Amino acid sequence: MPLIPEEPQIHESAQGPGVAPAASRATSTPRPVPGPRPAAVPRPARPGPRPVGRPAPSAPPAQRTSSVQRSETPAGTHAENRSGNRSATRPDAAPTVAPTPQIQLIPAPLDGALDAAEEAVDLLLDTGRLPGDILVLTTGEPHPWAAHELSFGEASYWAQHDAREDVFYADASAVGRAKARPVVIVAINGGTDDAVGRVLPAARERTGTLLIVCGDPQRVNAALGAGV
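Quick note: the sequence shown uses the working numbering, first residue 1, plus one each step.
Below, the structure written as structure tokens:
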């Protein structure tokens, strides 16, 4: 006997009493599901970073401060204060005179002056002095480094001098071309007394803080014109 397909009403009765048809149910509005947040747009860089929590300094009211000073200063000291302030703030005031460089003498014979200069360079570097702060001048035979670098031409040789990246060795006759450095070392390893007498004052003019002379103390004193 063939099976009779189920009637549609059987499905409706299977739902049980009290169940409203699907069409009569109130359709609930689905809540939107939050998606991933868009990437934050980077802020433009600030023209000048400033420490957090520290306000920008403001210029002090110069006129107000000066008026307070005039009211609190005795009348007899007005002229002194005004003259002192003018001398301290005038743009055309005389510049401060640079201190005279210290001169140190290392006694050494002619054949040992260059070795004494090398020892002085090593000591300066060991104590934290930068290589570009040191200039070494020789009155006799040139330093081996200078002779080697001059073989490539004077242009590249003096370019290293202008770069100020390392200790520079030069002949005393070229002291006029050398620029000032904090420390200048003169090795009196030859040359005439006249040549030594010319190079020592010139080396002192190009010295910032320390002039070291390696050689005969009598020749050095005679060249500098005073005891060292």
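Even glycine gets a Cβ: it sits at the ideal position worked out from N, Cα and C. Values in this document were obtained by computation on a predicted structure and should not be read as measured data.
- Assign leucine 123 to one of two classes, buried (16 or more other C-beta atoms within 10 Å of its C-beta) or exposed (fewer than that). exposed
- Is it true that the CB of proline 107 sits closer than 7 Å to the CB of proline 182? no
- Item | According to DSSP, residues forming a beta bridge with threonine 207 | Arg181
- Which residues bound the alpha helix (DSSP H) around valine 220? 217-224
- Message: Could you check whether glycine 140 and glycine 190 sit closer than 7 Å to each other, using their CB atoms as the reference points?
- Response: yes
- Exposure label - histidine 148; buried when at least 16 CB within 10 Å: exposed
- Task: Return the bridge partner residues of threonine 138 from the DSSP annotation.
- Result: Asp171, Ala187
- From alanine 180 to threonine 100, what does the alpha carbon distance come to, in whole angstroms? 14 Å
- Among Ile212, Asp193, Val121, nearest to arginine 219 - alpha-carbon criterion: Asp193
- Query: Quick one, are the C-beta atoms of histidine 161 and phenylalanine 168 less than 7 Å apart?
  - Reply: yes
- Report the rounded CA-to-CA distance for glutamate 119 versus valine 186, giving the unit in angstroms. 13 Å
- Ignore the nearest five residues each way along the sequence and tell me which others in valine 196's own chain have a CB closer than 7 Å to its CB. Thr139, Ile188, Arg219, Ala223
- Task: Using a threshold of 7 Å, state whether the C-beta atoms of valine 199 and valine 184 are closer than that.
- Result: no
- Extent of the continuous alpha helix (DSSP H) run through leucine 123: 113-126
- Secondary structure of leucine 110, DSSP reduced to three states: helix
- Message: Our contact map puts alanine 146 next to alanine 170 with C-beta atoms below 8 Å; I'd like the distance itself, whole angstroms only.
- Response: 6 Å
- Message: Spatial neighbours of glycine 132 within its chain, please: C-beta separation below 6 Å, excluding the five flanking residues on both sides.
- Response: Arg164, Glu165
- Task: Just the C-alpha distance for glutamine 104 and proline 144, rounded to the nearest angstrom, thanks.
- Result: 24 Å
- Thinking C-beta only, is alanine 159 closer than 7 Å to leucine 137? no
- Identified DSSP bridge partners for valine 196: Note: valine 196 sits in no beta bridge, so no partner.
- Message: Classify proline 109: buried if its beta carbon has 16 or more other beta carbons within 10 angstroms, exposed otherwise.
- Response: exposed
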